[in-house]
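Asker: According to numbering that gives the first Met the number 0, the sequence shown is numbered sequentially starting from 0. Quick one: the structure is below, and I'll ask about it shortly.
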Amino acid sequence: MTTTIRVAVADDHEVVRKGFATMLRAQPDITVVGDASDGATAVDLCLREPVDVILMDIRMPGLDGIEATRQITAAGTRPRVIMLTTFDLDEYVYDALSAGASGFLLKDVSAEELAAAVRVVAAGEALLAPVITKRLIAEVVRLRHRTPVPTTTADGISNLTARESEVLLLVAEGISNGEIAERLKISEETVKTHVSRVLIKLDLRDRTQAVVYAYETGLITPKG
Numbered sequence: 000m001t002t003t004i005r006v007a008v009a010d011d012h013e014v015v016r017k018g019f020a021t022m023l024r025a026q027p028d029i030t031v032v033g034d035a036s037d038g039a040t041a042v043d044l045c046l047r048e049p050v051d052v053i054l055m056d057i058r059m060p061g062l063d064g065i066e067a068t069r070q071i072t073a074a075g076t077r078p079r080v081i082m083l084t085t086f087d088l089d090e091y092v093y094d095a096l097s098a099g100a101s102g103f104l105l106k107d108v109s110a111e112e113l114a115a116a117v118r119v120v121a122a123g124e125a126l127l128a129p130v131i132t133k134r135l136i137a138e139v140v141r142l143r144h145r146t147p148v149p150t151t152t153a154d155g156i157s158n159l160t161a162r163e164s165e166v167l168l169l170v171a172e173g174i175s176n177g178e179i180a181e182r183l184k185i186s187e188e189t190v191k192t193h194v195s196r197v198l199i200k201l202d203l204r205d206r207t208q209a210v211v212y213a214y215e216t217g218l219i220t221p222k223g
């Protein structure tokens with residue numbers, strides 16, 4: 000039996016909201032449960048409705064998408080957030096991911112790409128294009144030179160087993176579960192178990208947050 004993914008759309012432009020909603024409603028495994036024209040309404044919607052994934056515009060009047068994402072994730076609600084943007088905005092990448100976003104999508108995305116992105120994020124996977132990952136790494140390096148990593152955050156790695164640390168490192172490199180399984184000569188199911196334990200031990204929402212954590216704590220040192 001196919002599980003239906005419940006999606007909400009937050010954007011201050013009605014044409015954009017309706018357009019995404021129409022594309023998603025055409026998918027048999029996705030249902031649109033609501034929309035919002037600003038961040039405050041998006042937060043309220045996610046607190047009232049059982050939303051799995053919300054498409055969140057970065058720039059909205061009043062409460063912007065990044066702060067709305069921060070409030071939604073801080074509330075411990077289910078929704079995973081995909082940030083919507085018209086172009087790759089360097090200055091927003093780190094803030095959005097640190098706020099709890101699971102990835103980014105350009106607004107000119109095709110219907111097929113949109114549906115695929117929703118399914119990926121709903122499953123707990125990261126949605127980070129290579130160009131976004133590179134900018135994220137560069138920003139983390141810049142911030143780490145300015146602000147030391149809190150000891151309590153860095154110490155979290157010591158709670159992981161050697162295998163879990165190895166899996167975290169590979170996740171942070173953007174490697175899929177299947178590729179990790181092949182690399183470590185273990186089953187994909189075992190990889191999923193390790194990933195789940197890593198997220199639980201480090202109190203992380205998903206793989207995207209694991210990527211941020213790995214670079215922030217210096218588990219991976221960016222090259223170049």
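Positions of the beta carbon are idealized from the N, C-alpha and C atoms, including for glycine. These numbers were taken from a predicted model, which means no experiment stands behind them.
#1: Tell me where the beta strand (DSSP E) around residue 30 begins and ends.
#2: Pull up the CB-CB distance for residue 99 and residue 62, whole angstroms please, since I reckon it's below 8 angstroms.
#3: Can you tell me the Cα-Cα spacing of residue 149 and residue 123, whole angstroms?
#4: Please return the same chain residues whose Cβ sits closer than 6 angstroms to the Cβ of residue 8, not counting the five positions on each side in sequence.
#5: Within the continuous beta strand (DSSP E) that includes residue 18, where are the two ends?
#6: Taking the DSSP output, what are the residues bridged to residue 82?
#7: Under the DSSP definition of a beta bridge, which residues are partnered with residue 6?
#8: Going straight from the alpha carbon of residue 93 to that of residue 60, what length do you get?
#9: Count the other CB atoms, across all protein chains shown, that sit within 10 Å of the CB of residue 202; report buried if there are 16 or more and exposed otherwise.
#10: Kindly list the residues whose CB is nearer than 8 angstroms to the CB of residue 180, restricted to its own chain and excluding five residues on each side of it in sequence; keep chain order.
#11: Less than 8 angstroms separating the beta-carbons of residue 31 and residue 6?
#12: Enumerated in chain order, which unbroken segments of the alpha helix (DSSP H) with a length of 4 residues or greater are wholly contained in the segment 158-193?
#13: Which same chain residues end up closer than 8 angstroms to residue 68 when comparing Cβ atoms and leaving out the 5 residues on each side of it in sequence?
#14: Taking only three categories from DSSP, how would you classify residue 150?
#15: Mind checking if residue 163 is an interface residue toward chain D, Cβ cutoff 8 angstroms exclusive?
#16: Rounded to whole angstroms, how far is the Cβ of residue 230 from the Cβ of residue 91, which I believe are closer than 8 angstroms?
#17: Leaving aside the five residues before and after residue 114 along the sequence, list all residues of the same chain whose C-beta is less than 6 angstroms from its C-beta, in chain order.
#18: So, for residue 112: in the same chain, excluding its five sequence neighbours on each side, which residues have a beta-carbon less than 6 angstroms away from its beta-carbon?
Answerer: Put simply:
#1: Translated into positions along the sequence shown, residue 30 becomes position 31. Judged by DSSP secondary structure, residue 30 falls within the beta strand (DSSP E) whose first and last residues are 29-35.
#2: Translated into the one-based positions of the sequence shown, residue 99 becomes position 100. Translated into the one-based positions of the sequence shown, residue 62 becomes position 63. By a beta-carbon distance limit of 8 angstroms, residue 99 does not contact residue 62. Their separation comes to about 15 angstroms.
#3: Here residue 149 refers to the residue found at position 150 of the sequence shown. Here residue 123 refers to the residue found at position 124 of the sequence shown. Because the pLDDT of residue 149 is 47, which lies under 50, any placement of that residue in the model is unreliable, and the question is left without a value.
#4: Position 9 of the sequence shown, counted from the first residue, corresponds to residue 8. Hits under 6 angstroms: 16, 19, 20, 34, 54.
#5: Numbered from 1 along the sequence shown, position 19 holds the residue referred to as residue 18. First-last for residue 18: 13-24, but that is the alpha helix (DSSP H), not the beta strand (DSSP E).
#6: Counted from its first residue, the sequence shown places residue 82 at position 83. DSSP lists 55, 103 as partners of residue 82.
#7: For the purposes of this step, residue 6 is taken as the residue at position 7 of the sequence shown. 31, 52.
#8: Mapped onto the sequence shown, residue 93 falls at position 94. Mapped onto the sequence shown, residue 60 falls at position 61. For residue 93 and residue 60, the distance between alpha carbons rounds to 21 angstroms.
#9: Your numbering for residue 202 matches position 203 in the sequence shown. Counting the other CB atoms within 10 Å of its CB gives residue 202 a total below 16, which places it among the exposed residues.
#10: Position 181 of the sequence shown holds residue 180. Once the five neighbours on either side are set aside, the close Cβ partners of residue 180 are 186, 187, 189, 190.
#11: As a first step, residue 31 must be located in the sequence shown, where it is residue number 32. As a first step, residue 6 must be located in the sequence shown, where it is residue number 7. Less than 8 angstroms separates the beta-carbon of residue 31 from that of residue 6.
#12: For the alpha helix (DSSP H) assignment, the uninterrupted runs of no fewer than 4 residues enclosed by the segment 158-193 are, from N- to C-terminal side, 161-171, 176-183.
#13: For this step, residue 68 is matched to residue 69 along the sequence shown. Leaving aside the five residues that flank residue 68 on each side, the residues in its chain whose CB is nearer than 8 angstroms to its CB run, in chain order, 55, 80, 82, 95, 98, 99, 100.
#14: Translated into the one-based positions of the sequence shown, residue 150 becomes position 151. Its pLDDT being 43, under 50, residue 150 is placed unreliably by the model, and nothing is read from it.
#15: As a matter of chain content, chain D is missing from the structure shown, which is built from one protein chain.
#16: Absent from the structure is residue 230, since the part of the chain shown begins at 0 and ends at 223.
#17: Taking the sequence shown and counting its residues from 1, one reaches residue 114 at position 115. Excluding five sequence positions before and after residue 114, the CB atoms of its chain that fall closer than 6 angstroms to its own CB belong to 26, given in chain order.
#18: Taking the first residue of the sequence shown as position 1, residue 112 is located at position 113. Result list for residue 112: empty, nothing under 6 angstroms.
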